[in-house]
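All residue numbers for the sequence shown refer to full-length UniProt numbering, where the first residue is 1 and numbers rise by one.
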Amino acid sequence: MLKQLRSWFAPAPDSRVASIRRQGKSVWAESVHLLWSVWVFITPAMGSHYDLRWALLTLLSYPLFLTLFAKSMLAARRIAPRYAIGLMGMSIVLAPWYPSGMAYFVYGCVSYSMASAKRIMPLLLRLLLANSFYVVVAGFIGYPWQALVSIPCTTIIIAVVTHVERYAHEKDAALKLSQEEVRRLAATAERERIGRDLHDLLGHTLSLITLKLELSRKLFDRDTEAAKREVAEAERVARHALAEVRSAVTGIRATDLAAELASARLLLESSRVHLDYLAPPADMPAEIERGLSLILREAVTNIARHAQASKARIDLERDAHTLRLRVSDDGRGGVGEDGNGLCGMRERVRALGGHLSIESPRGRGTVLLVTVPWPQPKLLQPVAMEAAPRPQSTSV
Numbered sequence: 001m002l003k004q005l006r007s008w009f010a011p012a013p014d015s016r017v018a019s020i021r022r023q024g025k026s027v028w029a030e031s032v033h034l035l036w037s038v039w040v041f042i043t044p045a046m047g048s049h050y051d052l053r054w055a056l057l058t059l060l061s062y063p064l065f066l067t068l069f070a071k072s073m074l075a076a077r078r079i080a081p082r083y084a085i086g087l088m089g090m091s092i093v094l095a096p097w098y099p100s101g102m103a104y105f106v107y108g109c110v111s112y113s114m115a116s117a118k119r120i121m122p123l124l125l126r127l128l129l130a131n132s133f134y135v136v137v138a139g140f141i142g143y144p145w146q147a148l149v150s151i152p153c154t155t156i157i158i159a160v161v162t163h164v165e166r167y168a169h170e171k172d173a174a175l176k177l178s179q180e181e182v183r184r185l186a187a188t189a190e191r192e193r194i195g196r197d198l199h200d201l202l203g204h205t206l207s208l209i210t211l212k213l214e215l216s217r218k219l220f221d222r223d224t225e226a227a228k229r230e231v232a233e234a235e236r237v238a239r240h241a242l243a244e245v246r247s248a249v250t251g252i253r254a255t256d257l258a259a260e261l262a263s264a265r266l267l268l269e270s271s272r273v274h275l276d277y278l279a280p281p282a283d284m285p286a287e288i289e290r291g292l293s294l295i296l297r298e299a300v301t302n303i304a305r306h307a308q309a310s311k312a313r314i315d316l317e318r319d320a321h322t323l324r325l326r327v328s329d330d331g332r333g334g335v336g337e338d339g340n341g342l343c344g345m346r347e348r349v350r351a352l353g354g355h356l357s358i359e360s361p362r363g364r365g366t367v368l369l370v371t372v373p374w375p376q377p378k379l380l381q382p383v384a385m386e387a388a389p390r391p392q393s394t395s396v
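As structure tokens, then:
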């Protein structure tokens with residue numbers, strides 16, 4: 001019996017509780033919403049009075065309310081609305097004898113909005129029908145007009161806000177999941193590239209070192225000098241390999257702007273944002289490339305999370321003295337001077353000796369412009385040829 005009860009209250013994979021757990025939140029945080037059920041116990045103090053009938057109906061209905069509310073959170077999405085409808089039905093059935101049941105109706109509508117599909121208009125229509133029916137029943141029974149006005153207004157507002165909030169949380173969770181998938185794929189590709197590079201770099205070198213050491217071991221008894229030469233050659237090859245490995249590791253640690261642009265396209269496409277970009281200039285200094293890559297990553301993440309854009313563009317332009325990174329989108333705009341990680345980006349730009357500006361009129365997209373100085377080649381010092389004495393011509 002206890003085992004069957006546990007299985008009945010086990011959360012379904014697509015339930016509201018399972019979704020909360022996937023977002024890393026505590027399920028018990030959702031139970032705070034049950035505090036509003038205090039209206040079940042307060043309502044008699046406002047109109048009727050506490051009597052034996054109220055106590056018996058509360059004793060019978062409140063555990064059923066908790067069960068139906070819990071099942072609306074634990075059941076699969078296609079079944080959960082049935083428990084929410086059960087809450088509404090229980091409230092309507094109890095209406096002639098139990099005004100406190102109005103709270104059950106509010107919970108039923110809110111639970112229905114949390115369990116229903118994502119489209120708002122069908123949900124709003126169903127809530128209007130349910131509230132209209134409840135108002136007709138309550139009016140026929142003789143509920144005060146204040147209740148007939150406040151219940152549908154409160155119910156619909158809370159249900160719609162809850163529905164929109166749930167949709168926003170699910171969209172944000174899906175975006176984070178897609179970002180993690182992009183990073184995972186990028187990390188996998190990077191590991192494979194590193195493996196290939198190290199194999200190409202060390203495979204031949206280690207084979208050569210092994211061969212020379214084997215040869216030196218065979219020559220050690222017959223020709224000591226030749227054996228020493230082979231050992232010295234193996235040492236030279238090993239030192240050369242060590243230098244190459246250090247160079248390769250330095251390249252691996254460096255942030256590549258071209259790779260960051262490719263990752264940006266994957267991330268934005270997973271958020272249904274079309275990205276156009278130009279290839280970065282060649283021979284970019286490593287310090288500038290690393291700094292701009294981190295700035296670009298932050299800017300693209302902001303577009304994916306906050307901009308609500310459909311198109312974005314990244315331009316990299318260089319002239320003789322400056323390099324300009326321009327990131328634009330057609331989203332909602334309205335970004336403040338210090339919003340969405342701009343403080344961190346400004347610090348990175350200042351470290352490069354550059355300047356960051358942003359234009360973000362509300363409803364007209366955002367343009368982020370980063371300008372950094374391009375390092376100038378050092379002028380060769382004039383050779384002191386003029387100071388040297390000129391050879392005197394001799395006449396024969």
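Glycine included, every Cβ here is placed at the ideal spot set by N, Cα and C. Remember, predicted model here, so these are calculated numbers, not experimental data.
Chain-order list of residues whose beta-carbon lies under 8 Å from that of residue i (same chain, five-residue window excluded)
i    : result
H274 : L268, S310, K311, A312
A18  : P11, A12
T155 : F105, V106, C109, V110, L127, N131
T162 : V110, S113, M114
V237 : T205, L208, I209, K212
E287 : L352
A76  : A12, P13, D14, S15
R222 : none
A320 : W374
R297 : E260, S263, A264
Sequence-distant residues of its chain with Cβ nearer than 7 Å to residue i (five each side left out)
i    : result
A351 : G291
P361 : G333
P375 : P285
D330 : A309, S310, K311, G365
G354 : V370, T371, V372, P373
A384 : The predicted position of A384 is uncertain, since its pLDDT is 41 and thus under 50; a value taken from the coordinates is nonetheless stated next. Answer for A384: no residue qualifies.
Local Cβ density within 10 Å of residue i, reported as buried at 16 or more and exposed below that
i    : result
R16  : buried
M345 : buried
S293 : buried
S31  : exposed
F9   : exposed
V349 : buried
S150 : exposed
A95  : buried
R6   : exposed
L35  : exposed
P144 : exposed
K71  : buried
A258 : exposed
L74  : buried
L68  : buried
D283 : exposed
Any chain C beta carbon closer than 7 Å to residue i
i    : result
A168 : Chain labels in this structure do not include chain C; a single protein chain is all it has.
Contacting residues, own chain, Cβ-Cβ under 6 Å from residue i (five flanking each side not counted)
i    : result
R326 : D315, L369
I158 : V110
L44  : Per the sequence shown, residue 44 should be read as Pro rather than Leu. Cβ neighbours of P44 beyond the five flanking positions: Y50, W54.
R217 : none
L261 : Y277
R253 : Since pLDDT at R253 reaches only 49, below the 50 mark, its modelled position is unreliable, and the value read off the structure follows with that caveat. Here the set comprises nothing.
I20  : V27
Three-way DSSP call (helix, strand, coil) for residue i in this model
i    : result
R253 : Low confidence applies here, because R253 scores a pLDDT of 49, under 50, leaving its location unreliable; read the following figure in that light. Three-state DSSP puts R253 in a helix.
R313 : strand
P96  : coil
I120 : helix
S15  : coil
I79  : coil
P352 : At residue 352 the sequence reads Leu, which differs from the Pro that was named. In this structure, L352 counts as coil in the three-state DSSP scheme.
D330 : coil
S357 : strand
L213 : helix
H274 : strand
P373 : strand
V367 : strand
R222 : coil
R362 : coil
Cβ distance (whole Å) where residue i is taken to contact residue j below 8 Å
i    : j    : result
E235 : L215 : Actually they are not in contact, since the Cβ atoms of E235 and L215 sit about 14 Å apart, beyond 8 Å.
M88  : L64  : The Cβ separation is near 13 Å, so there is no contact.
S113 : L123 : 6 Å
I79  : Y134 : Not a contact, Cβ separation roughly 23 Å.
V372 : T301 : About 20 Å; that fails the 8 Å criterion.
Y98  : L59  : About 12 Å; that fails the 8 Å criterion.
A103 : V40  : 5 Å
heavy atom of the ligand GDP below 6 Å from residue i C-beta
i   : result
Y50 : Ligands displayed in this structure: none; no statement on the ligand GDP is therefore possible.
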